[in-house]
Amino acid sequence: MSSAGLLLILGLYVLILFYIAHWAEKKRHSKWTNNPYIYSLSLAVYCTAWTYYGSIGVAADSGLSYLTIYLGPIIIIPTWMIILKRIIRISRVNKISSIADFISLRYGNSRFLGALVTLICVFGILPYISLQLKSISDTFYIVTKTQYSSNIFSDTTTYVCIALALFASYYGTKYVDASEKRRGIVTAVAMESVLKLVFFLIIGIYVTYFVFDGFDDIYTKAAVLQDFDKKNSIGDLTNGINWFFLCVLSTFAIFLLPRQFHTAIVENNKETHIRTAIWLFPLYLLLFNIFVFPIAWGGNILFQGQGLNSDTYSLLIPQHFNNNFLTVIVFLGGFSAAISMIIVSSIALATMLSNNLLIPYGFIGALENKSQEKNSKRIVNSRKIGIFSLIILAYAIYRIFILDYSLVSIGLVSFVLIAQLAPAFFGALFWKRGSKKGAVTGIILGFLISLYTLLVPYAIGLTKSTSTFMQNGPWGIELLKPFQLFGLDYLEPIPHAFFWSLFVNTISFLAISVSFKGNYRERNYAEMFVDIDKYITNHENAFVWKGTAFVSDIQKVLQRFLGEERTKRALNIFNSKYNIDKNITTADARFIKFAENLLTGHIGTASAKILISSVAKEDKISLPEVLRILEESKENIIINKKLTDTSNELKKISEQLREANEKLVDKDIQKDEFLDTVTHELRTPITAIRAATEILHDDEDDIPKEVRKQFLKSIISEADRLNRLIDKILDLEKFETGKQKIYLSKNDISKTIANTLDSVRQLIINKNITVEFDGTEIKAFYDEERIIQVIHNLLSNAIKFCPKTDGKISISVAEKTEVVEVSIHNNGAGIKAEDFEPIFDKFYQSRGQNVKKPIGSGLGLAICKQIIEHHKGKIWVESSPQKGATFNFTLPNYNTTEKQ
Numbered sequence: 004m005s006s007a008g009l010l011l012i013l014g015l016y017v018l019i020l021f022y023i024a025h026w027a028e029k030k031r032h033s034k035w036t037n038n039p040y041i042y043s044l045s046l047a048v049y050c051t052a053w054t055y056y057g058s059i060g061v062a063a064d065s066g067l068s069y070l071t072i073y074l075g076p077i078i079i080i081p082t083w084m085i086i087l088k089r090i091i092r093i094s095r096v097n098k099i100s101s102i103a104d105f106i107s108l109r110y111g112n113s114r115f116l117g118a119l120v121t122l123i124c125v126f127g128i129l130p131y132i133s134l135q136l137k138s139i140s141d142t143f144y145i146v147t148k149t150q151y152s153s154n155i156f157s158d159t160t161t162y163v164c165i166a167l168a169l170f171a172s173y174y175g176t177k178y179v180d181a182s183e184k185r186r187g188i189v190t191a192v193a194m195e196s197v198l199k200l201v202f203f204l205i206i207g208i209y210v211t212y213f214v215f216d217g218f219d220d221i222y223t224k225a226a227v228l229q230d231f232d233k234k235n236s237i238g239d240l241t242n243g244i245n246w247f248f249l250c251v252l253s254t255f256a257i258f259l260l261p262r263q264f265h266t267a268i269v270e271n272n273k274e275t276h277i278r279t280a281i282w283l284f285p286l287y288l289l290l291f292n293i294f295v296f297p298i299a300w301g302g303n304i305l306f307q308g309q310g311l312n313s314d315t316y317s318l319l320i321p322q323h324f325n326n327n328f329l330t331v332i333v334f335l336g337g338f339s340a341a342i343s344m345i346i347v348s349s350i351a352l353a354t355m356l357s358n359n360l361l362i363p364y365g366f367i368g369a370l371e372n373k374s375q376e377k378n379s380k381r382i383v384n385s386r387k388i389g390i391f392s393l394i395i396l397a398y399a400i401y402r403i404f405i406l407d408y409s410l411v412s413i414g415l416v417s418f419v420l421i422a423q424l425a426p427a428f429f430g431a432l433f434w435k436r437g438s439k440k441g442a443v444t445g446i447i448l449g450f451l452i453s454l455y456t457l458l459v460p461y462a463i464g465l466t467k468s469t470s471t472f473m474q475n476g477p478w479g480i481e482l483l484k485p486f487q488l489f490g491l492d493y494l495e496p497i498p499h500a501f502f503w504s505l506f507v508n509t510i511s512f513l514a515i516s517v518s519f520k521g522n523y524r525e526r527n528y529a530e531m532f533v534d535i536d537k538y539i540t541n542h543e544n545a546f547v548w549k550g551t552a553f554v555s556d557i558q559k560v561l562q563r564f565l566g567e568e569r570t571k572r573a574l575n576i577f578n579s580k581y582n583i584d585k586n587i588t589t590a591d592a593r594f595i596k597f598a599e600n601l602l603t604g605h606i607g608t609a610s611a612k613i614l615i616s617s618v619a620k621e622d623k624i625s626l627p628e629v630l631r632i633l634e635e636s637k638e639n640i641i642i643n644k645k646l647t648d649t650s651n652e653l654k655k656i657s658e659q660l661r662e663a664n665e666k667l668v669d670k671d672i673q674k675d676e677f678l679d680t681v682t683h684e685l686r687t688p689i690t691a692i693r694a695a696t697e698i699l700h701d702d703e704d705d706i707p708k709e710v711r712k713q714f715l716k717s718i719i720s721e722a723d724r725l726n727r728l729i730d731k732i733l734d735l736e737k738f739e740t741g742k743q744k745i746y747l748s749k750n751d752i753s754k755t756i757a758n759t760l761d762s763v764r765q766l767i768i769n770k771n772i773t774v775e776f777d778g779t780e781i782k783a784f785y786d787e788e789r790i791i792q793v794i795h796n797l798l799s800n801a802i803k804f805c806p807k808t809d810g811k812i813s814i815s816v817a818e819k820t821e822v823v824e825v826s827i828h829n830n831g832a833g834i835k836a837e838d839f840e841p842i843f844d845k846f847y848q849s850r851g852q853n854v855k856k857p858i859g860s861g862l863g864l865a866i867c868k869q870i871i872e873h874h875k876g877k878i879w880v881e882s883s884p885q886k887g888a889t890f891n892f893t894l895p896n897y898n899t900t901e902k903q
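Each position in the sequence shown, counted from 1, maps to that position plus 3 in the working numbering.
Shown next, in the form of structure tokens:
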């Protein structure tokens, strides 16, 4: 493919990235940009060009040792629920925006330590960024079949580098507060992670199943190649030890690499996203490694003896078969792997340079008397320049130093340098005794050892075997040979440098920390880091500070960085949280910590401390006093927690009492209505009986015989009505007290319904109602007399509420697995949704019936519910406006009861 064509494709690809980042920033609160899958996929920034190309090179040349870079993270990932969650909590409450802030804050908010960590990261990551640029350059020339150019203006990597620098400096510095979430960058990185995986799987499938005939075919053909068995086994104990150290090295890398800290910690929105990451990220790594072996050994088979760069087999194989499309998409996958690492790493490094080096050691004085707008502009511009400069500097290193080294070799050197932060980092999480002096000493000595055993030999050149320094050691002292320090000759260069540097680093950290106690601030932060779960809600309470400071002075400092409106809002939140009178003029320890946190995201932890200290006079505190204050703070937190729990319990009980009271009031209203209804219902037949009896008594001789019979019939009817009402009340009382018994027998539910329909047939005819019922025989166990009572009540209600014209009642019976379900529907006005449950309560009558006289006694459905529940069934109502109401109930069917 031509250079112009490939450049056009790259230009379109970068434009798409710009669009995705822009869209994600606009939709920053959308579920599409803020979800656990985007977070988990952004962690795959771990898989760089080294993974995409370098793993194939290692597999082709050295065998299985490429797996160590993935085994470490996979082994440690299950602990993320504890370790990563703790780091996220510490970072969130302290507004930490980089690993330099994290380590320096733990060891007394040390400006020097923050700067030291920043320099270590720059030394370690710049060559790594250069490595990515090398991969872009090498693969571009392979795809376009052109030669490397020594002229930077004709080197395509130059323009790619400038484009990436512009992209990262624009989207990576949209917020002054470095702890803000960059949804645009994260979403773009997540999309690149998907693309590079898909493209890698495509080339893997192509090589395995189209170039060769599956895994077995590749294995059979590769097995006859030289040293195949030796390369594809762990080997002896010596190799096993090398594997072990490489696994530990990659374990540290997943926590300590600035890009991993940024994506996993700074960009984390919710702790719950970790639950997805602990299975999705290892799955991603597994998928990435499925086809490494087939591509590597497929390349060895195809290009045996040709001396080609094995890192680029994934491009050379499709190109060998003139498959330009696959060649281009593989190149785009590698390009994605490289630029995602470059962008995130440059943003993380620029933040560290700005907050831990430039501001605290440079222009912090210039920020003290500027307006908020000028300060924000200056901070953002310093980061923009930092990002741009870092990428350009990495390009310079690539042009001058990196050209002769493989991807994996440079990547592992970066891992070793970054691993020097491990003792101080993990000590910050788990060991309260760790001190700043110990951390500084350990990091410096570890870096010097790695410099001596790794960086110097790499600078001289590994291929220069004639170097007396390499062969005999300095001044001919063989014990000081850089690759066999103190006679340790069975480790490869990377594990060898890692072992000695970390050994010296860890021993120094432990020894100095135990020998020299840290100051009170270090011990204070040690408590807050190690016991973060205790202080997570009120971490300001755990901050120890004594001195004199005024709220107004600190407020002025905050306004120079946050602006007047945001500062005012933050102070209101603080006063509300701790119930502090806004008129109080002096600041306490809580307010000092609160103010430092507000500034930390803008200028870093060390600079925040410097600025607050400039307007606050702090008194020195002895270590015993710190421990006493911390103990009191712990007790206060425990008391506050108990008070909060008690308050919550009281609120819960109060809410329950309120609900119970509302129910009692409602029941009282229902009772009054019931008594009114029952009184009315009792009075009506009694009045009718009394009136008829008085007429018969007073006019006994004058009343015709037919009329006398009419009055007597009325008396009997009203007496029956009175009897039925009393029976209902007695029935309900028996059911509720458990005195009522039901007598089960096998019956045909359809026949029971038909018999009940006959008893109300005349009422149906009188209202001209249409009844639909298909009486298929269905057996069930129930008390027939009681179920007739239920059906009669439901049918009576259906008749009562059917419209005056075109009334319709539909009855259906459905036999299900365990129950028989009966449904009775009428096409009346329907029932309100809020009445669905209370309609079955005793005393209940629906409000707003729009009739003067209440319909029914309010007992019928309550009795129905008791009867059905005594049959181990359920009864409920379904309704929608203007579509009528359907009453449903279930009974155990005959088959289920027999099985039981």
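Built from N, CA and C at the ideal position, the CB exists for glycine as well.
For the pair residue 52 and residue 134, the CB atoms are nearer than the 8 angstroms cut-off. Straight across, the Cα-Cα distance linking residue 216 with residue 224 is about 11 angstroms.
Between residue 10 and residue 159, the C-beta gap is smaller than 8 angstroms, which places the two residues in contact. Cα atoms of residue 154 and residue 7: separation of roughly 17 angstroms, rounded to the nearest angstrom.
Residue pairing of residue 894 in beta bridges, as defined by DSSP: 823. Our two residues, residue 570 and residue 200, have alpha carbons roughly 45 angstroms apart in a direct line. For residue 880, the enclosing beta strand (DSSP E) has its first and last residue at 878-882.
Checking the DSSP bridge columns, you'll see residue 811 partnered with 773. DSSP, reduced to helix, strand and coil, places residue 433 within a helical segment of the structure shown.
Shown here, residue 336 sits in a helix according to DSSP, grouped into three states. Straight across, the Cα-Cα distance linking residue 520 with residue 60 is about 48 angstroms. As the crow flies, the alpha-carbon of residue 57 is around 26 angstroms from that of residue 157. Counting only the Cα atoms, residue 80 lies some 17 angstroms from residue 292. According to the DSSP assignment, residue 212 belongs to no beta strand (DSSP E), since it is labelled neither H nor E.
It is roughly 53 angstroms from the alpha-carbon of residue 97 to the alpha-carbon of residue 231. Secondary structure at residue 783: strand, using DSSP grouped into helix, strand and coil. Within the same chain, and ignoring the five residues on either side of residue 318 in sequence, the residues whose Cβ sits closer than 7 angstroms to its Cβ are 142, 145, 146, 330, 333, 334. The beta carbon of residue 581 sits closer than 8 angstroms to the beta carbons of 543, 593 from its chain, once the five residues preceding and following it are set aside; these are given in chain order. Looking at 763, 486, 324, 781, the one whose alpha-carbon comes closest to that of residue 749 is 781. DSSP, read as helix, strand or coil, puts residue 540 in coil. If you look at residue 621, you'll find it isn't in any alpha helix (DSSP H); it sits in the beta strand (DSSP E) that goes 619-621. Just so you know, the alpha carbons of residue 590 and residue 553 end up roughly 5 angstroms apart. The segment 527-593 is shown to contain whole beta strand (DSSP E) runs of 3 or more residues at 550-552, in chain order. When the alpha-carbon of residue 623 is set against those of 203, 654, 524, 663, the nearest one is in 524. Comparing C-alpha distances from residue 339 to each of 308, 197, 565 shows the shortest one belongs to 197. At the C-beta level, residue 227 and residue 301 stay beyond 8 angstroms of one another.
Around the Cβ of residue 700, a 10 Å sphere holds fewer than 16 other Cβ atoms; the residue is exposed. In this structure residue 772 does not touch residue 814 by the C-beta definition: roughly 12 angstroms separates them, more than the 8 angstroms allowed.
DSSP lists 825 as the beta-bridge partner residues of residue 816. Two segments are said to touch when three or more pairs of C-beta atoms, one from each, lie closer than 8 angstroms; by this definition the segment 553-563 touches the segment 597-610. Per DSSP, the continuous alpha helix (DSSP H) segment holding residue 475 begins and ends at 471-475. Residue pairing by DSSP places residue 232 in no beta bridge whatsoever. Taking each of 414, 162, 387, 447 in turn and checking the Cα distance to residue 249, the smallest one comes out for 414. DSSP places residue 29 inside the alpha helix (DSSP H), whose first and last residues are 6-29. The Cβ atoms of residue 107 and residue 609 lie closer than 8 angstroms to each other.
Collapsing the DSSP output to three states places residue 754 in a helix.
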